[in-house]
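2 protein chains.
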Amino acid sequence: MAKHTSVSGFPEWTPAQRRFELSIIDRLRERFELYAFEPIETRAIEPLSVLLQKGDDKEIYTLGRLHDAAPKDIVTSSEEKPIDQAPTKIDGLGLHFDLTVPFSRYVQELKHLLTFPFKRYQIQKVWRGERPQEGRYREFYQCDMDIVALENLPIFYDAEMALLLLDALSILPIPPVVLFINNRKVLQGFYQEVGIVDIAAVLRVVDKMAKIGAEKVKVQLTAMNLTESQADAAIGLAGIRGNGSSVIFAIQQLAHTCGIQGDSELLQQGLRELREVSQVVEAAWSDLVSSCDAICLECSRPIVELNLSIARGLDYYTGTVYEGYIIGEESFGAICSGGRYDNLVNDGRQAMPGLGVSIGLTRLMGYIFNRQPQIAEQSASVDVFIILNEDSARFKSFQVAQILRSRKIRADVCHRPMAFGKQIKIAEKRGARYVCFLNENTIEIKNLTTGVQEVVDLDQWQPDLHT
Amino acid sequence: MAKHTSVSGFPEWTPAQRRFELSIIDRLRERFELYAFEPIETRAIEPLSVLLQKGDDKEIYTLGRLHDAAPKDIVTSSEEKPIDQAPTKIDGLGLHFDLTVPFSRYVQELKHLLTFPFKRYQIQKVWRGERPQEGRYREFYQCDMDIVALENLPIFYDAEMALLLLDALSILPIPPVVLFINNRKVLQGFYQEVGIVDIAAVLRVVDKMAKIGAEKVKVQLTAMNLTESQADAAIGLAGIRGNGSSVIFAIQQLAHTCGIQGDSELLQQGLRELREVSQVVEAAWSDLVSSCDAICLECSRPIVELNLSIARGLDYYTGTVYEGYIIGEESFGAICSGGRYDNLVNDGRQAMPGLGVSIGLTRLMGYIFNRQPQIAEQSASVDVFIILNEDSARFKSFQVAQILRSRKIRADVCHRPMAFGKQIKIAEKRGARYVCFLNENTIEIKNLTTGVQEVVDLDQWQPDLHT
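Heads up: the sequence lines are chains A and B, in that order.
All residue numbers for the first sequence refer to the working numbering, where the first residue is 79 and numbers rise by one.
All residue numbers for the second sequence refer to the working numbering, where the first residue is 79 and numbers rise by one.
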């Protein structure tokens with residue numbers, strides 16, 4: 079069943095597709111809560127001054143009113159602290175374009191009510207005015223998990239976050255996923271040692287490696303006044319991937335080739351962090367990693383790999399970064415991403431180190447519905463469909479439905495009396511596995527899969543979960 | 079814990095409050111699905127031409143972009159039918175202000191993919207630019223249930239909808255609720271017989287009875303050129319309430335007093351519908367209604383009553399109407415409302431009769447959090463809090479947490495090693511009922527409620543649900 083969109087970029091699912099999406103959301107929520115992440119929701123709107131601190135202004139939807147006479151939207155500060163950390167002349171409101179910026183504001187404003195480290199998940203719609211295309215929407219669910227600490231957030235959490243993400247991705251009915259991990263300190267430290275000056279600009283170019291290839295990256299890098307050997311170093315580094323020990327060894331080899339010591343504080347710290355994260359993740363995820371040295375399509379669960387080409391374009395990442403891809407569908411783009419941000423959340427007195435990842439839920443639903451259209455249709459809206467004998471039997475039929483409902487069995491009564499065969503067709507169309515007949519003194523339930531029909535005691539009867 | 083709002087009218091809950099809200103939403107969803115209602119979600123934005131068909135333009139938020147250069151929002155029609163039934167010169171997009179208008183559009187556009195009667199629920203945020211005040215927000219959850227049929231929607235469904243609503247309201251931890259039921263055909267038929275011409279205008283005035291009282295309603299009605307006896311008839315009718323048989327009798331008595339026959343087709347049909355709905359609802363809800371002739375504060379579950387003053391301001395209702403109030407808190411306003419609309423959904427070829435109710439979820443959350451602030455705080459974010467002995471024990475502690483999580487027990491590890499007493503304080507602050515100690519060769523779990531501490535087998539241990 080094709081997806082339906084009458085306004086370009088704003089997808090709407092069928093009821094069966096929404097039921098499927100909700101089942102995925104429910105399972106994700108359960109995972110997050112088992113890891114003791116707390117649910118929050120932030121308002122959909124933010125002052126433009128907050129949005130413009132981190133956002134691309136081209137993608138922001140602003141809010142207006144049809145009449146100037148309408149009551150004004152009043153932006154007031156909370157008692158504790160101003161909400162505009164970097165006041166600008168722009169006032170007014172806009173729709174949030176991600177959940178990280180609102181989360182950062184929420185933590186600053188509600189700091190006095192939260193327990194730190196604060197672990198939260200947030201599954202909410204966001205809006206971006208980008209040009210719609212396959213897999214890119216203007217209204218979509220993001221599913222975010224973040225941890226923010228008051229002073230120090232141990233590197234162990236970077237590993238735990240990767241493991242939670244692997245766990246969450248396991249839930250999705252998609253081909254195997256590879257989660258790439260890197261650490262920006264390693265890239266930055268290495269670049270510094272080979273004498274690259276504009277590190278942020280080089281990171282943004284290297285981040286395009288998977289998309290445009292090494293040759294074009296080199297052209298762009300040399301156009302930025304990098305020497306041939308500096309460009310080769312950046313590209314050589316981005317080519318390193320594998321498990322923890324092999325990657326650390328390859329970086330040291332490359333340092334030797336490039337004629338650098340590899341002993342700067344930043345690079346050393348990056349390598350320590352990368353080593354600890356990979357050791358913990360590989361040990362905890364060992365049943366998979368040990369059996370798969372390389373990307374492996376035989377696995378049904380996600381695999382994890384260090385990949386030095388993962389840079390993440392956003393400026394606020396300071397250490398570990400993550401990106402997940404469906405194996406063999408890299409051109410679809412990352413299905414999840416995130417990283418460590420030690421300076422993003424800041425209440426004006428102290429920075430609160432944080433760590434977060436985001437799963438592009440609506441994009442994944444679109445992927446699944448396009449490639450496995452039948453997946454949503456398999457779910458039923460009702461378990462037992464009650465045959466209506468005649469109009470005067472509505473009340474009795476309703477009472478039967480109520481008994482089933484009180485026992486947590488989904489039940490519905492046919493909307494009008496007609497031939498039994500026609501009613502059974504409706505039951506099948508709605509996915510019901512059982513139909514129920516009201517006789518004079520007995521009630522019969524027919525299993526539509528097995529064809530078995532029997533007189534039942536409604537207070538005892540249970541649907542057979544195996545048919 | 080006070081609610082926090084830095085932008086007036088846009089509430090944000092604490093994590094504990096959100097957890098509470100989610101638990102209510104989950105229970106409502108379960109109820110709706112047991113009644114075989116299907117979940118849908120519509121996009122948050124609609125073309126202004128769609129919104130302005132039913133909405134008050136003062137409350138609509140329009141969407142804009144910071145730059146004209148940004149890619150345009152393209153409104154395309156679906157292949158089957160135009161989305162603008164009543165094209166206007168206003169283009170552009172706005173945020174939806176309710177879920178009924180988007181639902182009506184959704185049914186028209188996806189008609190070919192739906193099974194009728196289509197029963198759907200929808201729990202989603204809506205936005206209204208009204209002046210914020212207690213219990214009135216600019217961003218809030220509506221929780222809607224609707225049934226739409228292709229040709230005929232039997233009156234029995236009006237009773238079933240009331241019963242589902244009573245069932246759903248039973249879930250909410252609020253004082254007893256009264257659900258009022260009326261039928262607009264009764265009012266309209268009665269008004270016609272006494273010679274009232276502008277029936278819609280009179281309905282809107284009578285609808286204010288509970289708020290402004292009979293005297294002021296009479297002043298307004300006579301100002302509208304109603305005769306004294308017409309105004310008295312309208313007010314007398316609005317004063318009738320009680321159970322089905324007593325209300326039907328009282329209406330007949332009033333007709334006699336007013337010197338009318340009460341035999342017009344419209345009035346007779348209204349009375350038939352009201353009688354059938356009240357008979358079914360009262361019979362099915364009899365355990366409550368039989369023991370409470372009048373409004374009764376002793377009941378903990380909702381009660382139901384016919385009330386002829388309920389008119390509903392909206393023009394599109396054509397028969398049964400519902401309004402629910404917290405008993406003793408009528409000034410807070412209706413907590414749920416809805417009714418029968420036989421002409422709202424229309425694909426240009428045929429009208430599809432419908433029936434819907436809406437629960438003001440965010441308003442109810444605000445009510446609960448203001449009056450029972452402790453209710454959200456009772457929920458914990460974690461079941462077992464694992465004591466961290468030293469930094470080097472992080473991995474072993476994480477493994478313990480993973481075992482508990484795999485058994486659906488929420489677990490977390492303390493973020494840094496410190497004195498046990500301090501760690502236990504953190505556990506208590508987070509609502510954990512258990513702390514877990516990792517010894518050299520054993521694992522001990524302490525029940526913080528009973529104080530009992532014992533060596534456990536992690537693969538077997540279960541939290542005691544009764545402490």
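The C-beta atom is built at its ideal place from N, Cα and C for all residues, glycine as well.
To the nearest angstrom, how far is the alpha carbon of residue i from that of residue j?
| i | j | result |
| --- | --- | --- |
| B/LEU439 | A/ALA471 | 35 Å |
| B/ASN517 | A/ALA362 | 21 Å |
| A/ILE329 | A/ALA458 | 53 Å |
| B/ILE481 | A/LYS503 | 46 Å |
| B/THR335 | B/GLN308 | 12 Å |
| A/VAL255 | B/GLY416 | 46 Å |
| B/MET443 | A/PRO117 | 16 Å |
| B/ASN424 | B/VAL275 | 27 Å |
| B/GLN346 | B/ASP104 | 41 Å |
| B/GLY314 | B/THR305 | 14 Å |
| A/PRO253 | A/LEU344 | 37 Å |
| B/PHE447 | B/GLY406 | 18 Å |
| B/PRO45 | A/GLY142 | Because chain B in this structure spans residues 79 to 545, residue 45 of chain B falls outside the shown range and cannot be described. |
| A/GLU532 | A/ASP469 | 24 Å |
| B/GLU124 | B/ARG107 | 25 Å |
| B/GLU90 | B/CYS414 | 22 Å |
| A/TYR419 | A/GLY397 | 7 Å |
| B/LEU265 | B/GLY273 | 12 Å |
| A/VAL128 | A/LEU171 | 9 Å |
| A/LEU526 | A/VAL460 | 13 Å |
| B/LYS203 | B/ASP236 | 26 Å |
| B/ILE464 | B/VAL530 | 16 Å |
| A/ARG96 | A/PHE218 | 13 Å |
| B/GLU351 | B/LEU173 | 36 Å |
| B/ASP537 | A/ARG353 | 31 Å |
At a CB-CB cut-off below 8 Å, which residues of chain A make contact with residue i?
| i | result |
| --- | --- |
| B/TYR419 | What B/TYR419 touches in chain A: nothing, since even the nearest Cβ is about 18 Å away. |
| B/THR120 | GLU90 |
| B/ASP224 | Neighbours of B/ASP224 on chain A: none; closest Cβ ~12 Å, over 8 Å. |
| B/THR398 | Those do not exist, as B/THR398 stays about 16 Å from chain A at its closest Cβ, beyond 8 Å. |
| B/PRO195 | HIS493 |
For residue i, I'd like the list of residues in its chain whose CB is within less than 7 Å of its CB, leaving aside the five on either flank, ordered along the chain.
| i | result |
| --- | --- |
| B/LEU422 | SER182, TYR394, GLY432 |
| B/ARG485 | none |
| A/PHE410 | GLY213, ILE404, TYR445 |
| A/ASP245 | ARG109 |
For residue i, which residues of its own chain have a beta-carbon under 6 Å away from its beta-carbon, when the five flanking residues on both sides are left out?
| i | result |
| --- | --- |
| B/LEU466 | SER475, VAL491, CYS492, PRO495 |
| A/LYS263 | LEU344, GLN347, GLY348, GLY397 |
Please go through the same chain and pick out, in chain order, the residues whose beta-carbon is closer than 8 Å to the beta-carbon of residue i, but skip the five residues on each side of it.
| i | result |
| --- | --- |
| A/LEU228 | PHE194, PRO195, GLN428, MET430 |
| A/ARG214 | GLY87, GLU208, ARG441 |
| B/ARG548 | Outside the displayed range of chain B (79 to 545) lies residue 548 of chain B, so it cannot be described from this structure. |
| B/ARG319 | PHE258, VAL325, GLU383, LEU384, ASN385, LEU386, SER387 |
| B/MET302 | ASP276, ALA279, VAL280, VAL283 |
List the residues of chain B that residue i touches, going by C-beta distances under 8 Å, in chain order.
| i | result |
| --- | --- |
| A/ARG97 | GLU116, PRO117 |
| A/ALA227 | HIS493 |
| A/ILE259 | Per Cβ cutoff of 8 Å: no residues; A/ILE259 is ~17 Å from chain B at best. |
| A/THR140 | LEU141, GLY142, ARG143, LEU144 |
| A/SER409 | What A/SER409 touches in chain B: nothing, since even the nearest Cβ is about 22 Å away. |
| A/TYR184 | GLU90 |
For the putative contact between residue i and residue j, defined by C-beta atoms under 8 Å, what is the C-beta separation to the nearest angstrom?
| i | j | result |
| --- | --- | --- |
| A/VAL284 | A/ALA412 | The pair is not a contact, with the Cβ atoms about 15 Å apart (cut-off 8 Å). |
| A/VAL435 | A/LEU243 | 5 Å |
| B/ALA316 | B/GLU408 | The pair is not a contact, with the Cβ atoms about 15 Å apart (cut-off 8 Å). |
| A/LEU250 | B/ARG483 | Going by Cβ atoms, the distance from A/LEU250 to B/ARG483 rounds to 18 Å, so no, they are not a contact pair. |
Residues of chain A with CB closer than 7 Å to the CB of residue i, please, in chain order.
| i | result |
| --- | --- |
| B/VAL358 | PHE473 |
| B/VAL460 | ALA114 |
Kindly list, in the order they appear in chain B, the residues whose Cβ is closer than 7 Å to that of residue i.
| i | result |
| --- | --- |
| A/ARG483 | LEU112, TYR113 |
Name, please, each residue of chain B whose Cβ falls closer than 9 Å to the Cβ of residue i.
| i | result |
| --- | --- |
| A/PHE476 | PHE234, ALA237, GLU238, LEU241, VAL358, ALA362 |
List the residues of chain E that residue i touches, going by C-beta distances under 7 Å, in chain order.
| i | result |
| --- | --- |
| A/LYS203 | The chain labelled as chain E is not found among the protein chains of the depicted structure, namely A and B. |
- Task: Kindly provide the ranges of any beta strand (DSSP E) runs that are 3 or more residues long and lie completely inside the segment 452 to 540 of chain A, ordered along the chain.
- Result: 462 to 464, 489 to 491, 512 to 516, 521 to 525, 531 to 533
* To do: Report the residue ranges of all alpha helix (DSSP H) runs contained in full by the segment 94 to 125 of chain A; include only those spanning at least 4 residues, in chain order.
  => none
Practice item. Enumerate, from N- to C-terminal direction, the unbroken alpha helix (DSSP H) stretches of 4 or more residues contained entirely within the segment 283 to 314 of chain B. Key: 287 to 301
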